[in-house]
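Protein chains in written order, with the working numbering: chain A, 5 to 310; chain B, 2 to 260; chain C, 70 to 445. Even for Gly, the Cβ is constructed at its ideal location relative to N, Cα and C. This one's a predicted model, so the numbers in the text were calculated from it and none came from an experiment. I have placed the structure first, in the form of structure tokens, so that the comments after it can refer back to it.
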């Protein structure tokens, strides 16, 4: 077997996947082969350490699954790292089935041990963590920002184009973009999260002002987005929302239930402000203030603004 | 008049699972069984399709012997018949084995226009079953669907992805995975609950599926499962003066290099 | 042991638990605050099949049995005992007709009761020293083709909402031994439902006094035999006691859960109060007694399903419920301290509701008498 494959329709994510790929290359001594959707992306990946980049063009990402499988099969790939977007997961599982390979979803760390791929991941809606051992050939999906991209490589990889037989069975109709104001809270370095402790939508201003002095974005719990509609769904952090790991996470008026905390528990420092000292958030935080957020926030904003 | 098959998983309710404080191992002895949450949406969606278009819904599940406990629950929610595979191999089965078994069973059970799954199981959330089934059966796969309609042979679905919403059409047969937002499963009436015992269920034996031993051998194995426990400093400032608390917090944040 | 829950009974129980979480629990607090009859919830219960739970299938019911009924009452009461009480009063009337009605009466009345088109009620108690004695006792005077009812009944549940009332009258003045049961249609001329009583708890469950001013009932509306009403009323009150004990159990189960959750979070002197022996003793005692009452109630219900006598067991569970109910709520409030005493907390409603579960269909004699008589 020879080949550590890397694929994501999101070029930035594909670049990040090269980091674990290059790491696995040290253990497996096999070339890193990236799949790209166009020449421009191919050039980026070739310069970040991919030994070879194969360009597969197609209108529908999921429709490329057969072609990706062909590439992997021909090269006798030992590992396939796929970006853990929804499209990526679809493609990865499809290819895994065709390769008769095992697949680990949303791996957080990877290494080779005794000729197998060892991955760490989360189970039971965040309740548990485990190590999953996959025989080779193995497929793994990895979510965005799990790894940083590697530095520019000394040598640039080879780029080639392959012919793709498009899957004509599926007709793509309307595609409507849904990215809103363009604020991606998952990239924010600091976050202020608001919960149901706030009484009115206008009161979120207190959180925004704190965010301004901290240079933090404002995020929220599920209730604030889905029930109150005070903030768009993209700002909701939790088990079925966004996962973030900023340097600082300030939870204000947030009770701290596990379905929310699983989305932010990898933050470096968690601070809580809540008027109920029995609230579970204090067990999940590094520092907490028991007090009325309406009193605490303005004072905190003033104190940190100096 | 679509003929639908819903694949569902009988899982442990993760809410009942406790973490042992000494070694962080998981105690699921008190965990009750449930149909995996997203699979409930799949069953409901199939039931709604058939209520609208006519046709029929069958259910299929692969699990250990305990899968029998799921049959009446599943049959009370719309399907007319439940097929089940209760085998010890399910204990260690990974997504690869699960798909092999389900695909073999589907080939045996006959022609279906739509094969529905939840987008992932509520316990392990591998999110692999639907695309794997599609690959093995040679059908197209529409994943992460939040809206579904059928018109004769033509299946139209709306997929909700991170940055866009995509409408796709395909001719059946097709494998579909649904998002939880696609519907809100109705609570069956008592009449449906009691009527479930009158509906047929059929065991499918693994030995009759023509699988090779390596098809039942998992390629991914879970080692060392541990409860996740938040390890945080848990410093709480609760002086009577808010100003005092804030002063202390400021010192702490500074020590962390955050202000 | 008279029973073990069948798979079907367990499925019914978990189905009703889901139903309650979805349709009953969210309305419980507002129902308590505004006290308006929860017609939407009753419609939902009817659609779910609860109103015909004990009615034979040939009359459109689910024929699921009294054990499932009692289990369902507990599930409902965990969220809203007021809603459960409406179902209990209805089912007692329905069960009565099912047990004692003739073929014509069952065919005429049970389908409507099973579907929820008609709500049922039972009117037993009167103002006076004994049933049948007293100035306002309900007397049935013979009349052409039937009887004329005159008098009054007090504390009738589902008053004003029921479509039929099963009433117990004396066909001769003076002697309560000769009761006769009648099925009275709510629309009959001469029936007057008094103002709805403002009760301390169970808000939403309507009770009122009802006066009968020469209300005509035909011979076909006599339930059971002439002068045969005493055994019917005994059976009816015994069934009501079992169901009401399940209401008590449901309320207490919720109170215990609430107090336990509170005690885990409340920290005093550096540790959660759930670790204090005083608290553990209180909660453990309540939980154990609650479970015991639950099992006795289900056991008594199983006896009804088996057609066996159950009046003694009913008196026993009544006794258990009496001891369980109010004491447990006081202890739960004690665990929660000042917090538990606040109207904003769930315990407040439970505290007010639980008293209503043990004093509704109470016979003139206390349960200990019946139990003692059965022993020796």
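For this session: Could you give the DSSP three-state label for residue 211(C): helix, strand or coil?
Result: Note: residue 211(C) maps to strand in three-state DSSP.
For this session: Look at residue 29(B) and residue 13(B) and say whether their C-beta atoms are less than 8 angstroms apart.
Result: yes
Exercise. If you run the structure through DSSP and keep just helix, strand and coil, what is residue 152(B)?
Worked result: Residue state, collapsed to three classes: strand.
Exercise. Does the beta carbon of residue 80(C) sit closer than 8 angstroms to a beta carbon anywhere in chain B?
Worked result: yes
Problem set entry | Spatially closest choice to residue 369(C) from 403(C), 342(C), 313(C), by CA coordinates | 313(C)
Exercise. Hey, residue 124(B) and residue 127(A) are a contact pair by Cβ (cut 8 angstroms); roughly how many whole angstroms apart?
Worked result: 7 angstroms
Exercise. For the stretch 111–138 of chain C, which residues have a beta carbon sitting closer than 8 angstroms to at least one beta carbon of chain B?
Worked result: 116, 117, 118, 119, 122, 131, 133
Problem set entry | Alpha-carbon to alpha-carbon, residue 400(C) and residue 291(A) | 35 angstroms
Problem set entry | CA-to-CA distance, residue 252(A) to residue 243(B), given in whole angstroms | The alpha-carbon atoms of residue 243(B) and residue 252(A) are separated by roughly 21 angstroms.
Problem set entry | Any beta strand (DSSP E) of 3 or more consecutive residues that is wholly inside the stretch 223–248 of chain B | 236–238
For this session: Locate the alpha helix (DSSP H) running through residue 141(C), then write down its first and last residues.
Result: 135–148
Problem set entry | Every unbroken beta strand (DSSP E) inside the stretch 189–261 of chain A [3 residues or more] | 194–198, 221–224, 252–256
For this session: Within the same chain, show all residues whose beta-carbon is closer than 8 angstroms to that of residue 218(A), passing over the 5 residues directly before and after it, in chain order.
Result: Cβ-Cβ distances below 8 angstroms link residue 218(A) to 194, 196, 252, 254, 308 in the same chain, with the five nearest sequence neighbours on each side left out; the list follows chain order.
Problem set entry | Cβ-based neighbour list, residue 123(A), same chain, cut-off 6 angstroms, excluding 5 preceding and 5 following | 108, 111, 114, 136, 144
Problem set entry | Residue-level contact to chain A via CB, residue 202(B), 8 angstroms cutoff | no
Exercise. Closest by CA to residue 248(B), which one among 202(A), 310(A), 261(A)?
Worked result: Closest option to residue 248(B), Cα to Cα, is 310(A).
Exercise. Can you find a CB in chain B that lies within less than 8 angstroms of the CB of residue 232(A)?
Worked result: Residue 232(A) does not count as touching chain B.
Exercise. Residue 235(A) and residue 154(A): beta carbons closer than 8 angstroms?
Worked result: no
For this session: Pull up the DSSP beta-bridge partners for residue 164(A), would you.
Result: 58(A)
Exercise. Between 258(B), 257(B), 232(B), 238(B), which lies nearest to residue 22(B) when the distance is taken from Cα to Cα?
Worked result: 232(B)
Exercise. To the nearest angstrom, how far is it from the Cα of residue 348(C) to the Cα of residue 404(C)?
Worked result: Approximately 7 angstroms, taken between the alpha carbons.
Exercise. Listing by chain order, which chain B residues have their CB less than 8 angstroms from the CB of residue 87(C)?
Worked result: 188
Exercise. Cβ of residue 20(A) less than 8 angstroms from any chain B Cβ?
Worked result: Under the Cβ criterion of 8 angstroms, residue 20(A) is not counted among the residues facing chain B.
Exercise. What do you get for residue 276(C), buried or exposed, if any count of 16 or more other CB atoms within 10 angstroms of its CB means buried?
Worked result: buried
For this session: Anything in chain C within Cβ reach of residue 76(B), meaning under 9 angstroms, just list it in chain order.
Result: The contact set of residue 76(B) on chain C, defined by CB atoms closer than 9 angstroms, is empty, because the minimum CB distance reaches about 10 angstroms.
For this session: May I ask you to list, following chain order, the residues of the stretch 337–368 of chain C that have a beta carbon less than 9 angstroms from some beta carbon of chain B?
Result: none
For this session: Taking only runs that begin and end inside the stretch 29–79 of chain B, name each unbroken alpha helix (DSSP H) of 4 or more residues, in chain order.
Result: Here the runs fully enclosed are 38–54, 72–76.
Problem set entry | Helix, strand or coil at residue 222(C) [DSSP, three-state] | strand
Exercise. Does any C-beta atom of chain B lie closer than 8 angstroms to the C-beta of residue 39(C)?
Worked result: Nothing about residue 39(C) can be reported from this structure: the residues present for chain C run from 70 to 445 only.
For this session: Report yes or no: is there a C-beta of chain B within less than 8 angstroms of the C-beta of residue 248(A)?
Result: no
For this session: Determine the direct distance from the alpha carbon of residue 167(C) to that of residue 156(C), and round the result to whole angstroms.
Result: 16 angstroms
Exercise. Does the stretch 156–165 of chain A come close enough to the stretch 152–170 of chain B that 3 or more CB-CB pairs lie under 8 angstroms?
Worked result: no
For this session: Let me know if residue 193(C) comes out buried or exposed under the rule of 16 or more other beta-carbons within 10 Å of its beta-carbon.
Result: buried
Exercise. Going by C-alpha distance, which of 196(B), 121(B), 108(B) is nearest residue 74(B)?
Worked result: 196(B)
Exercise. With distances taken from CA atoms, which of 95(C), 316(C), 94(C), 323(C) is nearest residue 352(C)?
Worked result: 323(C)
Exercise. Which of helix, strand or coil does DSSP assign to residue 264(C)?
Worked result: In the structure shown, residue 264(C) adopts coil according to DSSP, grouped into three states.
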